[in-house]
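Quick mapping for you: the protein sequence lines, in order, are chains A and B. In terms of the numbering used here, the first sequence is residues 1 to 172. In terms of the numbering used here, the second sequence is residues 1001 to 1172. Just so it is clear, CB atoms sit at the ideal spot from N, CA and C, and this is done for glycine as well.
Number of protein chains: 2
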Amino acid sequence: MKHTEGLEWAAHACSLLAALPPDTSLPARLLAEFFDLPEPYLAKQMQKLSAAGIVETRRGPRGGYALARAPAEISLLQMVQAIDGETRHFTCTELRRCGPSGVEDSQYLRPCGIARSMWRAEAAWRRELAGVTLADLLRMGMQDTPPEQAAKALAWFQEKLSQDKPTQEQTP
Amino acid sequence: MKHTEGLEWAAHACSLLAALPPDTSLPARLLAEFFDLPEPYLAKQMQKLSAAGIVETRRGPRGGYALARAPAEISLLQMVQAIDGETRHFTCTELRRCGPSGVEDSQYLRPCGIARSMWRAEAAWRRELAGVTLADLLRMGMQDTPPEQAAKALAWFQEKLSQDKPTQEQTP
C-alpha cells in the first residue's frame, strides 16, 4: 500500500503557496520549475487540489494558483484525500458469505471484525492527518528550512515574479 | 492507496485456522474451497504468511497450514505486514532539496514536516492494528457469525476432514 509521488508534490506545492504573500499566485510552470518537476504531471495534481477547493486559479497577467482558504483552514487530510481519493484502503468483499457455509444476506447484521478493525485503524490515521493544517506545515517548514535555502528561494521568486510583471505596471 | 484483496483473504484464512482445533491443519485446496477462492492465488498469500512465521506447514497425510503461534500472539498488524510488506506508505523523496533553492545535504537536519506528519499518521494506524490479535478477531467472529453459517461450516469440515482421513486410521 503506497501513496503516489503526486501526494508529496501536492503537499509541497501547497506549503509553498502558504508561504507566499496572500496576493501572490503561481502558474504551474513556475511551481514545476521551483521543484524541478515535470509540469504536466504537477499540473494534474494542482487540478485535483483545485477540484477539492484547496487551491483556486486566478486569471490575468499575474494569474496562477493560490490557496483557496487560509492555511489554518486546510488540513493534511484534505490534501491527501484530494490526491488519493476518499475511498477506504481496505475493501471488504464479504468473503464470509462466499463458499459452502454462506447463508442469506439478511443474517449478517454488521461488517465482520476484520473489516471493522481495518477501518478503525484507517480512522486513527485520518484523525492524525486531520489534526495537521497547512499552517502547521508552514511553521515546521520555517523551523527546518536551512537559512541559505530560504535566501535562495526568496531571490529566485523575486527574479521570476519581476520577469512576469505585466507591462502596464511598469509604466506609471 | 488500497490494500490488495489478498489481505482480506489472508486475514479470513488465519481467522479460520484460529477457530479450528489446535491439532487440525488445512491444505490450501480446502481453504480455497471453503472461501470459494482461486487456490493458486490464496496459496501465494499463505506462503507470505508462512515466510512471516504466522502459519506453518505440517507435512503428512493430514498435513496443511496451521497457525505457528497462539491466536493471542498474532496481531492484525503482523498479518497486514506479511501480505503488504513493511515499507512506509509515504515515501519522502526530499523534494525540498530539488530545484533552484536546494542546498548541501548536510544542511537538512531532519525529515521535513510533511514526511514527519505522514509518518506519524502511519504510526497511529499501525498502533491500532498492533492492538488487535487473532484471538480478538476470533471472538468478534463468534459473536457475528450467523448460527446457521456456523452449523454449515462445522458440517462441511467434518465431511471434508473425514474424507481426507488417512487409511491407516480407518482400520484398527
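A/R29 and A/P21 have their C-alpha atoms some 19 Å from each other.
The criterion of a C-beta distance shorter than 8 Å is satisfied by A/S101 and B/K1152. Note on B/R1069: under 16 other CB atoms within 10 angstroms of its CB, so exposed under the neighbour-count rule. Counting only Cβ-Cβ distances below 9 Å, B/K1152 has contacts in chain A at P100, S101, G102, V103, in chain order. For A/R29, there are no C-beta contacts with chain B under 7 Å, since the nearest C-beta of that chain is about 13 Å from it. Contact with chain A is found for B/D1144, since one of that chain's Cβ atoms lies less than 8 Å from the residue's Cβ.
Annotation note: the stretch 21-49 of chain A contains the following uninterrupted alpha helix (DSSP H) runs of length 4 or greater, listed N- to C-terminal: 28-35. In terms of beta-carbon proximity, B/G1141 lines the interface with chain A, with at least one pair separated by less than 8 Å. According to the DSSP assignment, A/G6 belongs to no beta strand (DSSP E) but to the alpha helix (DSSP H) extending over 5-19. Nearest CB-CB separation between A/V132 and chain B: below the 8 Å threshold.
In the structure shown, A/R58 falls within a strand segment according to DSSP collapsed to helix, strand and coil. In the pairwise beta carbon analysis, the stretch 108-120 of chain A is classified as touching the stretch 79-98 of chain A: at least three pairs are separated by under 8 Å. Comparing alpha-carbon positions, the option among B/A1072, B/L1026, B/R1059, B/W1009 lying closest to B/D1036 turns out to be B/W1009. Taking C-beta atoms as the reference points, B/L1129 and B/V1080 count as a pair closer than 8 Å. When the beta-carbon positions are compared, A/H89 and B/H1003 come within less than 8 Å of each other. Burial state of A/P27 is buried, judged by a 10 Å Cβ sphere holding 16 or more other Cβ atoms. Per the coordinates, the alpha-carbon of B/L1017 lies some 33 Å from the alpha-carbon of A/R127. Of all residues in the stretch 107-124 of chain A, the ones placed with a Cβ closer than 9 Å to any Cβ belonging to chain B are Q107, Y108, L109, R110, P111, C112, G113, I114, A115, R116, S117, M118, R120, A121, E122, A123, A124, in chain order. Proximity of chain B to A/E73 at the Cβ level (cut-off 8 Å) is not reached, the minimal Cβ distance being about 17 Å. A/P38 is the residue among A/E5, A/L161, A/P38 whose C-alpha sits nearest the C-alpha of B/G1099. Look at A/G64 here: in three-state DSSP terms it is strand. Inclusion of B/W1125 and A/W156 in the CB contact set at 8 Å is not warranted, their separation being larger than that value.
Look at B/S1106 here: in three-state DSSP terms it is helix.
Beta-bridge analysis with DSSP links B/T1091 to no other residue.
Less than 8 Å separates the beta-carbon of B/I1054 from that of B/A1082.
Taking C-beta separations shorter than 8 Å and ignoring five residues to either side along the sequence, the partners of B/V1103 in its chain run R1097, following chain order. Residue range 1147-1163 is occupied by the alpha helix (DSSP H) that includes B/S1162.
When the alpha-carbon of A/L42 is set against those of A/A121, A/M140, A/P71, A/A11, the nearest one is in A/A11.
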